[in-house]
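Which chain is which? The protein sequence lines are Z and D, in order. Take the working numbering: the final residue in the first sequence is number 371, and no numbers are missing along the way. Take the working numbering: the final residue in the second sequence is number 742, and no numbers are missing along the way. We treat Cβ as the ideally placed atom computed from N, Cα and C, and that holds for glycine. Source: prediction; values computed, not measured. These notes are about the structure you will find just below.
Number of protein chains: 2
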Amino acid sequence: MNKPTTLSPAHATLESIATPALVVDGRTLERNIERMAETARRAGRALRPHAKTHKSKEIAALQLRAGAVGIACATVSEAEALAAAGVTGLLITSPAVGADRLGRIVKLNREADVTIVADHMQQVAQALALLQPGDPPLRMVVDVDVGQARTGVSDLAAGMSLAKTIAGNGQLRFAGIQGYAGHIQHIVDAAERKSAAAKASAVLQTFATALQAQDLQPGLISGSGTGTHGYDLAGPYTELQVGSYVFMDADYARVVDERGDPPPFSSSLFVLATVVSVNRPGEVTVDAGTKALATNGPPPCVILGAPPGSTYKFAGDEHGIIGIPPGAQAPGLGERLLIGATHCDPTVNLHSTFHVIRDDGVEKWAILGRY
Amino acid sequence: MNKPTTLSPAHATLESIATPALVVDGRTLERNIERMAETARRAGRALRPHAKTHKSKEIAALQLRAGAVGIACATVSEAEALAAAGVTGLLITSPAVGADRLGRIVKLNREADVTIVADHMQQVAQALALLQPGDPPLRMVVDVDVGQARTGVSDLAAGMSLAKTIAGNGQLRFAGIQGYAGHIQHIVDAAERKSAAAKASAVLQTFATALQAQDLQPGLISGSGTGTHGYDLAGPYTELQVGSYVFMDADYARVVDERGDPPPFSSSLFVLATVVSVNRPGEVTVDAGTKALATNGPPPCVILGAPPGSTYKFAGDEHGIIGIPPGAQAPGLGERLLIGATHCDPTVNLHSTFHVIRDDGVEKWAILGRY
């Protein structure tokens, strides 16, 4: 990583935490939040950071305090949990279908400041069928497929028709467009990532121009991610839905810019683990496995408490193997290590609690809206 | 899979469940439990099924009712949760280190029927330092590394010394040996898996023989798993710690026997998902991604509700893409699918609740001891 972390497994407060546990370096977290806020501020773009990464009302509050206009959510459960904590400016970024999910959204919209996305006329019709007279209008954004091929309209005519239907109904408000290019955030090569980001921007710009030509002003043009946010400032985005920058991980650590520099954020998310077996030369076993660290990412690029050059490999549900470089002193039985996150979002989702370490102690923050 | 599942996404009770959700086919679950119990019974071996798979007191109760002598646990949290539910015969299969974890075990041992494993003298010394006069003796099994290179003593002399220390202390009871060959459970080729199982058995047999020669009777010789249990009946095991057989998954579906037949258990674990986006030809998007299905396994081999030959691929935290074979009718927006588990243990761990479907409705069972 580009910046040394301030956290050490010898930190006194870590001793009181049962392992494996999710640990956040509070100072690094706040520095990451401030750095992204500053980037958006200077570029004149709004920030609506994504809560799918952290699922935390405390981190959402830090982001809002740093100037974010609201918080993006992947699920209704995340939005419900954050709304209950008083978070405003919620944007649910996945299209919602069915009376159950849309019913929860209509209910949430009576009490909270929420916007949803749609990519199909049927979703709009289902929402209208659930809205009662006297309900506040439901704000809707048209989700555009900018190349990820996951959700969104891919066809300009379909998108225009959806926007017109939304704008033409008094119970709805047309709030703009969204285009999330999740497929390109982790492209390691800078030139390739930049070119892919420009392509996604061009798709969004086409939709925006067509809407404007029909007097359908897209108030929000929402999208972007940690990997492309620098390049996306050249695009039409009015706001950035960046998520991972708060924690970073082994996946993002290799996503470098043209100069070969990693993103200007540092690792703040770790799994605290204990060495539980030491019977083999050159390696020790820790109590953090596939139930503590997400498997869909590269191996951890930071292991604090083990000699430099140590490696981690998964060894089942509850164990991992720390490989020790030849000649280095292996950590002893019972010693603790801080293992950098593999892939931050799904690693967070494996835990109920953040243990946030600051100079003056540890705070526990709940991880909300897990299944 | 070898047996058609009895479950259908058209099952009336599934309509009431918010997606994504973990669903268990109750009838198949019970048939799997009975089948493994019968195998052990016929072979004259005890069954101590592993709760790391299900983390459920209800499933543990079904296993005990079918004749299991107890339940194996990977973590102290699992053992505490099952003990609180009245489960007896608990074996914690990971070596425990440190005053915190061993302190919880010593406390648990005052109220519950628990056995632990050790692979290092320091663990024994730490446990002894925590035991109070008047505490019931703590039963300890020596964990043997049978080739997985994760935990366990690899050296016969070290194992003998550990067993002697345990047996020689009035506050402890030497209960036997454990050797878990997790590394060979998923070997697809039957002959290769059989040969690997024989090697693991031989290591355990060597330890057992040496202990017996010193009048240290290993009451328990515990180990095995779903992939090798048939071959392990030729080994020295007094009991089988099988876990995955209750649910099966895409990983185990390809682990065939010499005749090319899959294990005699059927898929009972599914993620219920809703089609949320249908804008691309040949595929639809569902609301189950890396936070609903474990990523460390092959793609699901069963997708109920989609045309035969449909495929699943991950598309981020909250989404997956169902590929539809050419010419087949894609499921519509809002339709529900049952997606077979990729890797059962870590998939279970992503959810708080099993929705167990039976002819007469749905029951909710809590998933216990998650981080």
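* Local conformation of D/LEU640 per DSSP, three classes -> If DSSP states are grouped into helix, strand and coil, D/LEU640 belongs with the strands.
* By the criterion of Cβ-Cβ separation under 7 angstroms, what are the contact partners of Z/PRO426 in chain D? -> No information on residue 426 of chain Z is available, as it lies outside the stretch 1 to 371 that chain Z covers here.
* To do: Quick one: which residues of the segment 321–332 of chain Z get their C-beta closer than 9 angstroms to a C-beta of chain D? List them in chain order.
  => Flagged, chain order: ILE321, GLY332.
* Straight-line Cα distance separating D/PRO504 from D/ILE692 -> Roughly 60 angstroms separates the two Cα atoms.
* Asked: In angstroms, rounded to a whole number, what distance separates the CA positions of D/GLU401 and D/THR597?
  -> In this structure, the alpha-carbon of D/GLU401 lies about 16 angstroms from that of D/THR597.
* Which same chain residues, not among the five before or five after D/GLY541, have their C-beta less than 8 angstroms away from its C-beta? -> Excluding its 5 nearest sequence neighbours in each direction, D/GLY541 has C-beta neighbours in its own chain below 8 angstroms: PRO508, listed in chain order.
* Asked: Shorter than 8 angstroms from the beta carbon of Z/THR206 to some beta carbon of chain D?
  -> With its beta carbon at least 8 angstroms from every one in chain D, Z/THR206 lies outside the interface.
* To do: With DSSP as the reference, label Z/TYR371 as helix, strand or coil.
  => Of the three classes helix, strand and coil, the one that applies to Z/TYR371 here is coil, per DSSP.
* Classify D/ALA561 as helix, strand or coil using the three-state DSSP reduction. => In the structure shown, D/ALA561 sits in a helix (DSSP, three-state: H, G or I).
* Asked: Should D/VAL559 be labelled buried (16 or more other beta-carbon atoms within 10 Å of its own) or exposed?
  -> Per the 10 Å Cβ criterion, exposed.
* Asked: Residues in its own chain within less than 8 angstroms of D/THR424 by CB, not counting five upstream and five downstream?
  -> The beta carbon of D/THR424 lies closer than 8 angstroms to those of GLY614, SER615, VAL617, PHE618, CYS715, ASP716, VAL719 in the same chain, with the five residues before and after it left out.
* Are any of the Cβ atoms in chain D nearer than 8 angstroms to that of Z/ASN109? -> It does not: the Cβ of Z/ASN109 has no partner Cβ on chain D nearer than 8 angstroms.
* Mind checking which residues open and close the beta strand (DSSP E) that includes D/ALA392? => It spans 392–396 - the beta strand (DSSP E) in which D/ALA392 sits, taken as one unbroken run.
* C-beta atoms of D/PRO635 and D/TYR623 nearer than 8 angstroms -> Against a cut-off of 8 angstroms, the Cβ pair of D/TYR623 and D/PRO635 comes out as no contact.
* Asked: Are the beta-carbon atoms belonging to D/PRO419 and D/ILE442 less than 8 angstroms from one another?
  -> Here the sequence assigns Arg to residue 419 of chain D, which means Pro is not the residue at that position. Between D/ARG419 and D/ILE442, the C-beta spacing is below 8 angstroms.
* From the DSSP output, which residues share a beta bridge with Z/GLN222? -> Residue 222 of chain Z is actually Ser in this sequence, not Gln. Z/GLN178, Z/GLU239, per the DSSP bridge assignment.
* Shorter than 8 angstroms from the beta carbon of D/ASP632 to some beta carbon of chain Z? -> No, because no Cβ of chain Z sits closer than 8 angstroms to the Cβ of D/ASP632.
* Asked: Can you give the Cα-Cα distance for D/LYS570 and Z/LEU102, rounded to whole angstroms?
  -> Rounded to the nearest whole angstrom, the CA to CA distance from D/LYS570 to Z/LEU102 is 56 angstroms.
* To do: Determine, using beta-carbon pairs with one atom in the segment 564–582 of chain D and one in the segment 642–650 of chain D, whether at least three such pairs fall under 8 angstroms.
  => With a cut-off of 8 angstroms, the segment 642–650 of chain D and the segment 564–582 of chain D do not count as touching, because too few Cβ pairs lie within range.
* Spatial distance of D/ILE548 from Z/PRO308 (CA atoms) -> Roughly 36 angstroms separates the two Cα atoms.
* Among residues of its own chain, excluding the 5 on either side of D/ARG544, which ones have a beta-carbon nearer than 6 angstroms to its beta-carbon? -> Taking D/ARG544 as the centre and dropping the five residues before and after it, the same chain places the C-beta of PRO508, ARG510 closer than 6 angstroms to its C-beta, in chain order.
* Asked: Are the C-beta of D/HIS722 and some C-beta of chain Z separated by less than 8 angstroms?
  -> Chain Z contact via Cβ: present.
* Beta carbon proximity, Z/HIS11 to chain D, threshold 8 angstroms -> Among the CB atoms of chain D, none fall inside 8 angstroms of the CB of Z/HIS11.
* To do: Compare the Cα-Cα distances from D/GLY460 to each of D/ALA450, D/PRO652, D/GLY694, D/GLY698 and report the closest residue.
  => Nearest C-alpha to D/GLY460: D/ALA450.
* Asked: Closest to Z/GLN241 by CA distance: which of Z/ILE367, Z/HIS50, Z/LEU333, Z/VAL23 is it?
  -> If we check each option's Cα against that of Z/GLN241, Z/HIS50 comes out closest.
* To do: Pull up the distance between the alpha-carbon of D/THR682 and that of D/CYS672, whole angstroms please.
  => So the alpha carbons of these two residues sit roughly 8 angstroms apart.
* Quick one: what does DSSP say D/MET511 is sitting in, helix, strand or coil? -> Look at D/MET511 here: in three-state DSSP terms it is strand.
* Do the CB positions of D/LEU393 and D/HIS600 come within less than 8 angstroms of each other? -> Cβ distance not < 8 angstroms, so D/LEU393 and D/HIS600 don't count as in contact.
* **alpha helix (DSSP H) segment containing D/HIS600, residue limits** => For D/HIS600, the enclosing alpha helix (DSSP H) begins and ends at 600–603.
* Asked: Would a check of beta-carbon distances place D/ARG564 closer than 8 angstroms to chain Z?
  -> Chain Z contact via Cβ: absent.
* Asked: Can we say the segment 584–593 of chain D touches the segment 531–540 of chain D, given the rule of at least three CB pairs closer than 8 angstroms?
  -> Yes, the segment 584–593 of chain D touches the segment 531–540 of chain D.
* Asked: Between Z/GLN185 and the rest of its own chain, which residues show a CB-CB distance below 7 angstroms, the 5 nearest in sequence each way excluded?
  -> Excluding residues within five positions, the ones whose Cβ falls inside 7 angstroms are GLY225, THR226, GLY227, THR228.
* To do: State the beta-bridge partners of D/TYR683 as determined by DSSP.
  => D/ILE693, per the DSSP bridge assignment.
* Could you spell out where the beta strand (DSSP E) holding D/THR536 opens and where it closes? => Here D/THR536 belongs to no beta strand (DSSP E); instead the alpha helix (DSSP H) covers 527–538.
* Should Z/GLN123 be labelled buried (16 or more other beta-carbon atoms within 10 Å of its own) or exposed? -> Its Cβ being crowded by 16 or more others within 10 Å, Z/GLN123 is buried.
* Going by C-alpha distance, which of Z/GLN63, Z/ALA83, Z/VAL87, Z/ILE116 is nearest Z/PRO95? -> Comparing Cα positions, the closest option is Z/ILE116.
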